[in-house]
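Colleague:
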Amino acid sequence: MKKLILTLLMFSSGYSEPQDLSGKVFIFPLETNTAHVRLKTSKETFTSITVCFRFFTDLSRNHALFSMATHSSDNAFLVFKSAADGRILHYVQNKEARFDGLGFYANIWQPFCSTWASESGLVQLWLNGKPSSRKFTESAPLKGIPIVVLGQEQDSHGSGFTADQSFVGMISNVHMWDYVLSHCEIQQFSSGMSFTPGNVINWRALEYQVSGKVLVEDKHNSCSN
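Residue numbers are given in this note's numbering: position 69 of the sequence shown equals residue 69, and the series is strictly consecutive.
1) Along the beta strand (DSSP E) that carries HIS63, what are the first and last residues, could you check?
2) According to DSSP, which residues form a beta bridge with VAL180?
3) I'd like to know if the segment 139–153 and the segment 69–80 are in contact, where contact means that at least 3 CB-CB pairs between them fall below 8 Å.
4) Quick check: the Cα distance between PRO131 and LEU125, rounded to an integer number of angstroms?
5) Which two residues bound the contiguous beta strand (DSSP E) that contains TRP126?
6) Determine the extent of the beta strand (DSSP E) in which HIS90 is found, giving its start and end residues.
7) If we ignore side chains and look at the alpha-carbon of each, how far apart do ASP218 and ILE171 end up?
8) In or out: ALA163 buried (at least 16 other Cβ within 10 Å) or exposed?
9) Using a Cβ distance threshold of 8 Å, determine whether the segment 129–145 contacts the segment 85–97, with at least three qualifying pairs required.
10) What separation, rounded to the nearest whole angstrom, lies between the Cα atoms of TYR179 and ALA84?
11) Return the chain-ordered list of same chain residues with a C-beta closer than 6 Å to the C-beta of GLN19, the five sequence neighbours on each side being excluded.
12) Span of the beta strand (DSSP E) holding VAL210?
13) Can you tell me the Cβ-Cβ gap for HIS63 and SER166, rounded? I've got them flagged as a contact below 8 Å.
14) Consult DSSP for LEU8 and reduce its assignment to one of helix, strand or coil.
15) Which two residues bound the contiguous beta strand (DSSP E) that contains VAL36?
16) Secondary structure at SER190, three-state DSSP: helix, strand or coil?
17) For GLN110, does the three-state DSSP call read helix, strand or coil?
18) How many whole angstroms separate the CB atoms of VAL200 and VAL37, which I take to be in contact at a CB cut-off of 8 Å?
19) Pairs of beta-carbons, one from the segment 184–192 and one from the segment 105–121, closer than 8 Å: are there three or more?
20) At the level of alpha carbons, what is the spacing between LEU142 and TYR105?
Structure below.
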């Protein structure tokens with residue numbers, strides 16, 4: 001019996017089989033240092049990255065929107081919303097770029113994308129389909145075993161969470177590519193049009209692991225007449 005229970009616990013603590021989460025959302029209802037979702041990826045070397053997702057929150061304090069860490073870099077690829085109005089801090093391999101004047105809104109679904117290329121070292125953000133300026137972070141390829149987390153900011157590889165940096169709200173349509181999407185492709189994602197899903201993380205075939213109080217529910221769309 002003990003062996004069976006241990007086997008079940010090991011199975012339940014692993015990643016899910018690939019699931020199509022179209023029309024679904026992750027709900028993070030509590031400020032906590034435990035609740036998070038880990039997204040599986042097997043790629044260990046990146047020369048370029050694009051991350052896109054949609055989020056909904058009323059938070060005005062600091063919070064993480066997307067956190068990827070390696071053993072050598074806790075902020076390997078981090079999108080961090082600052083308490084300062086309209087500010088995002090974006091990290092690549094622990095190098096920070098600060099973006100100000102972004103149009104954040106509370107209690108509304110907002111599309112967000114971030115791109116980085118090691119060839120130039122430049123990061124650019126896209127919020128609600130509008131591009132930011134481009135800023136330099138790191139020009140070396142990103143290497144190491146990555147852990148991707150939603151809902152928390154990693155201060156170490158897969159851990160080091162603090163409640164005052166946790167995300168409270170909803171996240172959906174998370175995709176990640178190992179190349180820089182074009183302006184038109186980002187506009188297609190932002191506008192809800194057809195786009196090529198991520199080849200690193202794909203919301204339509206997502207392998208994930210939930211820890212703590214996180215719910216997976218249907219996204220409520222606008223009612224039609």
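Just so you know, even glycine gets a beta-carbon here, dropped at the ideal spot from N, CA and C.
Modeller: Based on what the coordinates show:
1) HIS63 -> beta strand (DSSP E) spans 63–69.
2) DSSP lists no partner for VAL180.
3) Per the Cβ contact rule, the segment 139–153 is in contact with the segment 69–80 (3 or more Cβ pairs under 8 Å).
4) Within the model, the alpha-carbon separation for PRO131 versus LEU125 is close to 6 Å.
5) Membership of TRP126 in the beta strand (DSSP E) is indicated by the continuous run 122–127.
6) That run of the beta strand (DSSP E) goes 88–92.
7) One Cα belongs to ASP218, the other to ILE171, and the distance between them is close to 12 Å.
8) Label assigned to ALA163: exposed.
9) Three or more beta-carbon pairs separated by less than 8 Å link the segment 129–145 to the segment 85–97, which places the two stretches in contact.
10) Their Cα atoms are separated by approximately 30 Å.
11) Shown here for GLN19: same chain residues with a beta carbon closer than 6 Å to its own, the five before and five after excluded, namely LEU206 in chain order.
12) Segment 208–211, the beta strand (DSSP E) holding VAL210.
13) The Cβ separation is near 6 Å, so the contact holds.
14) The pLDDT assigned to LEU8 is 33, lower than 50, so where the model puts this residue is not dependable; a value taken from the coordinates is nonetheless given after this. Three-state result, LEU8: helix.
15) It is His, not Val, that sits at residue 36 in the sequence shown. 36–39 is the extent of the beta strand (DSSP E) around HIS36.
16) In the three-state scheme derived from DSSP, where H, G and I count as helix and E and B as strand, SER190 is classed as helix.
17) Strand at GLN110.
18) Here VAL200 is actually not in contact with VAL37; their C-beta atoms are around 16 Å apart, not less than 8 Å.
19) Result yes; three or more Cβ-Cβ pairs closer than 8 Å.
20) Answer to the nearest angstrom: the Cα atoms are 32 Å apart.
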